[in-house]
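Structure, as structure tokens:
Residue numbers (the numbering used here), protein chains in the order written: chain A, 1 to 273; chain B, 1 to 168.
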């Protein structure tokens with residue numbers, strides 16, 4: 001017993017180092033497994049406060065670009081409004097039949113990151129604004145990511161620039177689907193994997209969300225095809241997608257809540273059993 | 001004694017804020033960020049208890065992790081640097097360290113740079129290996145280590161010289 005104590009006292013530095021290092025390593029490994037970076041994330045009071053102060057200063061420098069983005073989006077929405085199919089004018093809609101599918105919340109990006117292999121954003125909306133895990137995050141240009149963790153007033157977003165992220169996407173001109181991943185090289189390009197070799201892939205075509213995942217609605221823009229190649233096996237294409245969004249410059253984002261998600265998940269679960 | 005404690009606490013907080021508010025946002029050429037918070041570990045007083053250094057570097061690393069959503073990579077790298085610090089000190093300062101009489105602000109600048117370079121490379125290598133966490137991307141790891149190290153060393157030397165109390 002005496003010897004054990006002596007051993008511990010003699011090697012106390014090494015033992016403490018070992019303990020701390022293994023805690024850090026455990027947290028690292030945990031953070032590399034999808035969706036479970038529960039303990040150490042920037043959705044909390046301390047980091048939110050610091051990033052909030054930074055953001056309130058930072059916003060002033062981006063006012064002009066933000067205005068441009070808003071004006072552009074307004075133009076786009078107005079075009080949609082005026083070019084609406086006239087027959088929808090006269091459709092009688094009983095309010096009890098119109099059920100909204102998506103609820104939209106506006107949020108500010110408090111922390112953006114794009115230089116790491118696993119990028120995570122922090123937003124200034126959280127549980128108090130009824131934001132939960134697995135809500136989609138988009139801008140007026142295209143998708144940004146999926147909500148990962150939430151605290152009372154803040155939320156973290158698993159960016160599409162994250163090696164853990166896999167988002168369902170499809171070609172706009174056909175219905176061939178694939179999953180969107182990132183190879184951690186360029187923040188302007190993501191990869192669309194596992195696209196069937198029968199798909200009519202052409203450089204310059206648009207990639208959009210597939211709507212299979214019940215997180216994003218169908219048809220939100222992602223980017224255009226900049227190049228593509230067949231896999232080694234030759235069965236599938238891997239497509240390089242140039243993003244519509246400039247992920248290095250994000251100011252305001254929209255959080256989408258699919259109000260039917262619970263029903264869809266329940267249905268899928270019950271048919272899996 | 002109290003003075004030393006105060007200086008270190010201020011240094012801890014100042015470097016942490018500097019790191020998360022400014023240095024994490026630089027992204028030079030898209031991926032190069034300096035990690036200057038390790039100056040705290042470099043300049044920790046030599047005569048103080050090593051356990052305190054280990055614990056405080058762990059907390060510092062953890063806080064940086066908290067701000068940058070990176071799991072525990074900074075904590076792991078910082079703790080390792082704190083642990084190997086005596087070896088670095090011995091190899092870069094030699095006899096001075098044996099006599100426990102190093103004053104970082106008055107030593108030869110060459111020795112100081114050796115010390116910072118060795119420490120920074122060890123820290124960054126561990127940091128980026130854990131962050132990328134993929135053997136097949138080893139070239140990316142080395143590239144990031146190299147460029148970020150240069151940036152960090154330059155900034156660290158500048159900061160240490162700028163804030164050294166003795167005016168010559």
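Virtual Cβ for every residue (Gly too), placed ideally from N, Cα, C.
- Item | Boundaries of the beta strand (DSSP E) in which residue 107 of chain B is found, first to last residue | From DSSP, residue 107 of chain B is part of no beta strand (DSSP E); its letter is neither H nor E.
- With DSSP collapsed to three states, give me the class of residue 185 of chain A. coil
- Distance between residue 157 of chain B and residue 110 of chain B (C-alpha atoms, nearest Å): 11 Å
- Item | Coil, strand or helix - residue 152 of chain A by DSSP | coil
- Query: Excluding five sequence neighbours on each side, which residues of the same chain lie with their C-beta closer than 7 Å to the C-beta of residue 183 of chain A?
  - Reply: 191
- Message: How far does the alpha helix (DSSP H) with residue 20 of chain B in it extend, from its first residue to its last?
- Response: 2-21
- Item | Validate contact between the region 58-72 of chain B and the region 19-31 of chain A using beta carbons, cut 8 Å, 3 pairs | yes
- Task: Give the range of the alpha helix (DSSP H) segment to which residue 23 of chain A is assigned.
- Result: 12-32
- Contacts around residue 141 of chain A, its chain only, beta-carbon distance under 6 Å, and the 5 residues preceding and following it disregarded: 244 and 245
- Query: What residues in the region 19-52 of chain B bring their beta carbon closer than 7 Å to a beta carbon of chain A?
  - Reply: 20, 21, 27, 30, 31, 33, 50 and 51
- Query: Alpha carbon to alpha carbon, what distance is there between residue 51 of chain A and residue 21 of chain B?
  - Reply: 8 Å
- Would you say residue 153 of chain A and residue 111 of chain A are within 9 Å of each other, going by their C-beta atoms? no
- Query: How is the alpha helix (DSSP H) around residue 262 of chain A delimited, first residue to last?
  - Reply: 261-272
- Name, going along the chain, the residues of the region 4-19 of chain B whose beta-carbon falls closer than 8 Å to a beta-carbon of chain A. 17
- Sorted by chain position, which residues of the same chain lie with C-beta nearer than 6 Å to residue 227 of chain A's C-beta, five sequence neighbours on each side aside? 240
- Query: In three-state terms, what does DSSP make of residue 70 of chain B?
  - Reply: coil
- In the DSSP assignment, find the alpha helix (DSSP H) that holds residue 211 of chain A and state where it starts and stops. Neither: residue 211 of chain A is in no alpha helix (DSSP H) and is coded neither H nor E.
- Apply the 10 Å Cβ neighbour rule to residue 101 of chain A and answer buried if 16 or more other Cβ atoms are within range, or exposed otherwise. exposed
- Message: Would residue 120 of chain A and residue 144 of chain A be called neighbours here (beta carbons separated by less than 9 Å)?
- Response: no
- Message: Let me check understanding here. Comparing Cα to Cα, which of B:6, B:4, B:36 and B:5 lies closest to residue 19 of chain B?
- Response: B:36
- Taking the DSSP output, what are the residues bridged to residue 192 of chain A? A:180 and A:239
- Message: Give me, in chain order, the residues of the same chain whose beta-carbon lies closer than 6 Å to that of residue 257 of chain A; leave out the 5 immediate sequence neighbours on both sides.
- Response: 103 and 135
- Item | Minimum Cβ-Cβ distance from residue 13 of chain A to chain B less than 9 Å | yes
- Bridge partners - residue 252 of chain A, DSSP secondary structure assignment: A:108
- Where residue 84 of chain A falls: helix, strand or coil (DSSP): coil
- Message: Counting only C-beta atoms, is residue 154 of chain B closer than 9 Å to chain A at any point?
- Response: no
- Item | Chain-ordered chain A contacts of residue 132 of chain B [CB-CB under 7 Å] | 117
- Within 9 Å of chain B by C-beta, residues of the region 65-82 of chain A in sequence order: none
- Item | chain B within 9 Å of residue 25 of chain A, Cβ atoms only | yes
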